[in-house]
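2 protein chains.
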Amino acid sequence: MSQIPDFSKGDGLLPAIAQDAASGEVLMLAYMNREAWEQTLSTGTAVYYSRSRGQLWKKGEESGHIQNVRAIYVDCDADTILLKVDQLGGAACHEGYPTCFFRRWNGTNYSVEVARVFDPAQVYDPAHDKPQ
Amino acid sequence: MSQIPDFSKGDGLLPAIAQDAASGEVLMLAYMNREAWEQTLSTGTAVYYSRSRGQLWKKGEESGHIQNVRAIYVDCDADTILLKVDQLGGAACHEGYPTCFFRRWNGTNYSVEVARVFDPAQVYDPAHDKPQ
């Protein structure tokens, strides 16, 4: 059988969903290459591959909002990863929201139903690109 | 502001996560192009784009395991979609499991902790490619 996850798919980058281990809330989607996957396994904290920066990205390395991994699942096609995590700081999103999925379609437009946990300007160096 | 979702990203194909609206379980990840997105909005049931078949894929068109969409979210970067759905038939996975994420990493290997809801051989035409 092919390797699981199968990094021969997706040009070596597979989507990884982070879900809050306690609440079940879907927090974000990022990407992993094999090195990010192996570092996630070995460190027990989520490490992704930043497509915009072209390098490994330890989630929370700048904000402190680390994700401690509680469980890891791989899907039927071996090309998507699901992490159940404890999200430190209570916010997964670089815009300061608990989840990156803070915009809900209301039929004609989008509504934001959740409050920010932090002000991004207070957390990130303005000279720095967005973390993802 | 760019369109939301922004189909200029990802070569026009964006990942879409389906989450059970009642239990919060993450069921699957598939992809949408603009047409799949628009059909999902207009029909209220999940329509994806099958990368393997190169065509629109109304989830459940063969198995009957349709996803009725209860809520739609788009992430901060406008390049990932989250659907909260009612999964008809109790199984999202073409292998017969409630969720496609039925394989859990146990530290050295994978364990399957959930039972099949259906036998794929009884649901899909064997001449047919897998639905995703």
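Sequence order for the protein chains is A and B.
Be aware that the first sequence starts at 265, since it is given in our numbering, and climbs by one per residue.
Be aware that the second sequence starts at 265, since it is given in our numbering, and climbs by one per residue.
All C-beta atoms, glycine included, are put in the ideal place defined by N, C-alpha and C.
Keep in mind it's a predicted model, so treat the numbers as computed, not measured.
Hey, how far is the Cα of residue i from the Cα of residue j?
i	j	result
residue 344 of chain B	residue 385 of chain B	32 Å
residue 294 of chain A	residue 352 of chain A	17 Å
residue 289 of chain A	residue 355 of chain A	11 Å
residue 341 of chain A	residue 324 of chain A	29 Å
residue 393 of chain B	residue 320 of chain B	With a pLDDT of 45 at residue 393 of chain B, under the threshold of 50, the modelled position of this residue cannot be trusted; read the value that follows with caution. Computed Cα separation, rounded: 14 Å.
residue 388 of chain B	residue 383 of chain A	50 Å
residue 396 of chain A	residue 313 of chain A	Residue placement at residue 396 of chain A is poorly supported in this model, since its pLDDT is 48, which falls under 50; the coordinates still yield a value, given next. About 8 Å.
residue 302 of chain B	residue 271 of chain B	12 Å
residue 316 of chain B	residue 274 of chain A	12 Å
residue 269 of chain B	residue 359 of chain A	17 Å
residue 300 of chain B	residue 327 of chain B	19 Å
residue 381 of chain A	residue 350 of chain B	30 Å
residue 287 of chain A	residue 298 of chain A	28 Å
residue 379 of chain B	residue 371 of chain B	21 Å
residue 318 of chain A	residue 377 of chain A	32 Å
Taking the alpha-carbon of residue i as reference, which of the options has the nearest alpha-carbon?
i	options	result
residue 304 of chain B	B:280, B:354, B:340	B:280
residue 411 of chain A	B:354, B:286, B:373	This structure cannot speak to residue 411 of chain A, because chain A is shown only from 265 to 396.
residue 284 of chain B	B:310, B:270, B:327	B:310
residue 307 of chain B	B:359, B:322, B:381, B:297	B:322
residue 329 of chain B	B:361, B:299, B:319, B:300	B:361
residue 357 of chain A	A:275, A:274, A:298, A:331	A:331
residue 282 of chain A	A:334, A:274, A:269	A:334
residue 365 of chain B	A:370, A:269, A:367, A:346	A:346
residue 296 of chain A	A:286, A:287, A:276	A:276
residue 375 of chain A	B:287, B:339, B:326	B:339
residue 267 of chain B	A:350, A:377, A:378, A:367	A:367
residue 369 of chain B	A:370, A:378, A:371, A:348	A:348
Terminal residues of the continuous beta strand (DSSP E) containing residue i?
i	result
residue 346 of chain B	345 to 351
residue 279 of chain B	278 to 284
residue 334 of chain A	331 to 338
residue 368 of chain B	367 to 369
residue 294 of chain A	290 to 296
residue 376 of chain A	374 to 376
residue 319 of chain B	319 to 322
residue 381 of chain B	Neither: residue 381 of chain B is in no beta strand (DSSP E) and is coded neither H nor E.
residue 312 of chain B	311 to 314
Between residue i and residue j, which are expected to be in contact by the criterion C-beta below 8 Å, what is the C-beta distance as a whole number of angstroms?
i	j	result
residue 291 of chain B	residue 363 of chain B	5 Å
In the DSSP assignment, find the unbroken alpha helix (DSSP H) run with residue i in it and report its ends.
i	result
residue 387 of chain A	384 to 387
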